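Numbering (my numbering), first residue to last: 20 to 723. Note that CB positions come from ideal geometry on N, CA and C, so glycine has one too. Nothing here was measured: the structure is a model prediction, and the numbers come from that model. Working notes, beginning with the structure itself.
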């Protein structure tokens, strides 16, 4: 070791060849370094690893820069997420570590020479998947980023990883990203690439299911409602109007996904074409061929493409093509629970049954995906529906009796599944992340803002559209939520006279008022006749609620609103005004709190008049903004917004769901939290709501 005289210079690093030492700021310097490859450490752990190196006594680190990690496709450079070299350098700098950079272009490092050698494929002879040429068994769980608040993505994915999963499976809902034709949204909670990046940082591979149809108990199976502006369109087939829209969407989505393919340095190992197509009446092979060509064109011929169907001969015959890997729901969707419809009991599957079947499959060497591993929430209007003998809308909660609860909390089912997985692969070191904190904020008193009919100027500022006969939601471009239909009684009705929907034309619920006085309900498949009285010229209002479009089967062309004429006795009702209601936009702008500041109505302790009305109140938290569950005991049916965010539908009279999940990040710990309720039928006398620290998902109050 050469010792040389200390000198003071400006900030610099150099070599003093005469004295055989390094000079740092002109002072002799000895580095004690360790190698770390940022490309081999999940980004979420960079700070942890670097701090441990610093605390071990190192003052320097040494890193390689793999060229093919940052340019997996010629001319396409990637320095985002786990490839964000500058962020890694910044963390090292903050930690107090100097860096020795080894940028190559050749680095050795036991790193693949080219990104093309990184591969995921199917070995049909040995009946297994190959990852980088080695047999691979994936143990996967489904999670829908569209049903989980973005701020919780990392928490949920880390819990899935710590449960022993090495893969996740996700759907991409087309209508979530293109709610208006030609307007694409990949921001905020729709930032699919950020979700993929977090999964990658966490160490999870991804099975991508981009549709274009996804089912998933999601509104219209993920297809955009604006497709129905073409009333005769044949969905999921070679209808020219449908294919034109599909091609435009895939030309936006799939190029975004290509860099995320495993072969290109990402974490997507396989991609599903369509979804359960064998269950659909069309059985259009040309449609599947068209999709297959599109997927290969945008993703490349080496992408692993597959289909998923039921296990009958018919479903397998119509659901796949030569060249596409055919799977069945049992493996691609091993059900850990089941969905809920309003009015049914909360579905559940015994933990012992799930864990035994999982163990049996893994023992056979099978790769498996558990649907769902975390269900989440149908916020807003995103729930789907089934249609068999009758229309069955899905609840707001998509808890699914999954291993992670709706709120992302580990359950006994998760612990049992983790124990099974531990017999087949090593579990990650460290504890399972704890549940997110919950808080019972207690009762909050609400005040009535006014009836919906009286608030039309606020809720429909653009005014009504006129038509001799009623127009559907799709014709008016009111795709979700609510629309008010208005006409006049053509004659005086002394005796109760039936308003009739002879062709089951109210989709889905119609709240009927005469001169603002609530008369009752018309409901799809259930209540097709309602008697009314009134004077000639009285206003007949029908507020129609879209309860969610059918997401499975042959009824997905599910038009909403008054989809056929209504009769008054033997006469067709005509001369309609249609008021599109943009309730979400109005509430997001600060209404109705601004109205209350001017009028300041008092809370009511008397019987509320029935019919659609708005109520509002303020939640003050005790300095915390934790998750909670909102219970509307005594309320009938409606919609809730907190701080402008649509939590979804409540329907305690129908059940089984009794509480709405309130993610803590929606709340403010220091500012008033605004609650807005649209009650559609009957509010309770006290106008109270209750914030609890646990959900109630299995209490059916009334069947009808």
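Pick from the options that is closest to residue i, judged by C-alpha positions
i, options, result
"residue 498", "483, 444, 490, 579", "579"
"residue 400", "667, 311, 266, 271", "667"
"residue 237", "470, 295, 163", "163"
"residue 268", "192, 431, 702, 509", "192"
"residue 452", "46, 40, 173", "173"
"residue 699", "244, 40, 532", "532"
"residue 201", "213, 55, 232, 271", "271"
"residue 494", "80, 326, 249, 714", "249"
"residue 443", "161, 383, 708, 591", "383"
"residue 470", "630, 507, 414", "630"
"residue 138", "281, 396, 54, 357", "281"
"residue 430", "446, 392, 416, 308", "392"
"residue 78", "50, 60, 59", "50"
"residue 454", "645, 46, 260, 657", "645"
DSSP beta-bridge partners of residue i
i, result
"residue 724", "For residue 724 there is no data in the structure shown, the boundaries of the chain being 20 and 723."
"residue 539", "531"
"residue 698", "632, 657"
"residue 491", "580"
"residue 558", "507"
"residue 121", "83"
"residue 147", "142"
"residue 34", "41"
Neighbour-count burial assignment, residue i, 16 or more Cβ in a 10 Å radius
i, result
"residue 441", "exposed"
"residue 62", "buried"
"residue 599", "buried"
"residue 98", "exposed"
"residue 423", "buried"
"residue 240", "buried"
"residue 337", "buried"
"residue 632", "buried"
"residue 682", "buried"
"residue 233", "buried"
"residue 530", "buried"
"residue 462", "exposed"
"residue 266", "exposed"
"residue 604", "exposed"
"residue 718", "exposed"
Helix, strand or coil at residue i [DSSP, three-state]
i, result
"residue 265", "helix"
"residue 586", "strand"
"residue 388", "strand"
"residue 713", "coil"
"residue 724", "Residue 724 lies beyond the residue range present for the chain, which begins at 20 and ends at 723; the question has no answer from this structure."
"residue 100", "helix"
"residue 195", "helix"
"residue 252", "coil"
"residue 87", "helix"
"residue 296", "helix"
"residue 351", "helix"
"residue 210", "coil"
"residue 277", "helix"
"residue 188", "strand"
"residue 379", "helix"
"residue 682", "coil"
"residue 155", "strand"
"residue 668", "strand"
"residue 58", "helix"
"residue 326", "strand"
"residue 650", "strand"
"residue 163", "coil"
"residue 178", "helix"
"residue 547", "coil"
Checklist entry - Are there three or more Cβ pairs, one per stretch, closer than 8 Å when the stretch 669-680 is compared with the stretch 355-369? => result By the C-beta criterion, the stretch 669-680 is judged to be in contact with the stretch 355-369, since at least 3 inter-stretch pairs fall below 8 Å.
Next on the checklist: If contact is defined by three or more beta carbon pairs under 8 Å, each pair taking one atom from either stretch, is the stretch 152-169 in contact with the stretch 198-210?
Outcome noted: Note that the stretch 198-210 touches the stretch 152-169; at least 3 beta-carbon pairs, one per stretch, sit closer than 8 Å.
Next on the checklist: Tell me whether the stretch 294-302 and the stretch 99-110 touch, counting them as touching only if at least three CB pairs, one residue from each stretch, are closer than 8 Å.
Outcome noted: Here the stretch 294-302 makes no contact with the stretch 99-110; the two share fewer than three CB pairs at distances below 8 Å.
Checklist entry - Is it a yes or a no for the stretch 173-186 touching the stretch 306-323, going by three-plus beta-carbon pairs under 8 Å? => result In short, these stretches do not touch, since the Cβ pair count stays below three.
Next on the checklist: Is it the case that the stretch 368-380 contacts the stretch 138-150, given that we only count it when at least three CB pairs across the two stretches are under 8 Å?
Outcome noted: No, the stretch 138-150 does not touch the stretch 368-380.
Checklist entry - Is there contact between the stretch 539-546 and the stretch 495-514, where contact requires at least three CB pairs shorter than 8 Å? => result Fewer than three Cβ pairs drawn from the stretch 539-546 and the stretch 495-514 lie within less than 8 Å of each other, which leaves the two stretches out of contact.
Checklist entry - If you pair each beta-carbon of the stretch 689-704 with each one of the stretch 646-654, do three or more pairs fall below 8 Å? => result Verdict: yes, contact present.
Checklist entry - With contact counted as at least three CB pairs below 8 Å, one residue from each stretch, are the stretch 148-162 and the stretch 402-412 in contact? => result The stretch 148-162 makes no contact with the stretch 402-412: fewer than 3 CB pairs, one atom from each, lie closer than 8 Å.
Checklist entry - Does the pairing of the stretch 106-123 with the stretch 72-90 give three or more beta-carbon distances under 8 Å? => result With the cut-off at 8 Å, the stretch 106-123 and the stretch 72-90 touch.
Item to check | Contact between the stretch 507-517 and the stretch 546-555 (3+ Cβ pairs under 8 Å) | outcome: In short, these stretches touch, since the Cβ pair count reaches three.
Checklist entry - Do the stretch 481-491 and the stretch 589-599 touch if we need at least three Cβ pairs shorter than 8 Å? => result Yes, since at least three Cβ pairs between the stretch 481-491 and the stretch 589-599 fall closer than 8 Å, the two stretches touch.
Checklist entry - Between the stretch 250-264 and the stretch 214-222, are three or more C-beta pairs nearer than 8 Å? => result A contact is defined here as three or more CB-CB pairs under 8 Å, and the stretch 250-264 fails this definition with respect to the stretch 214-222.
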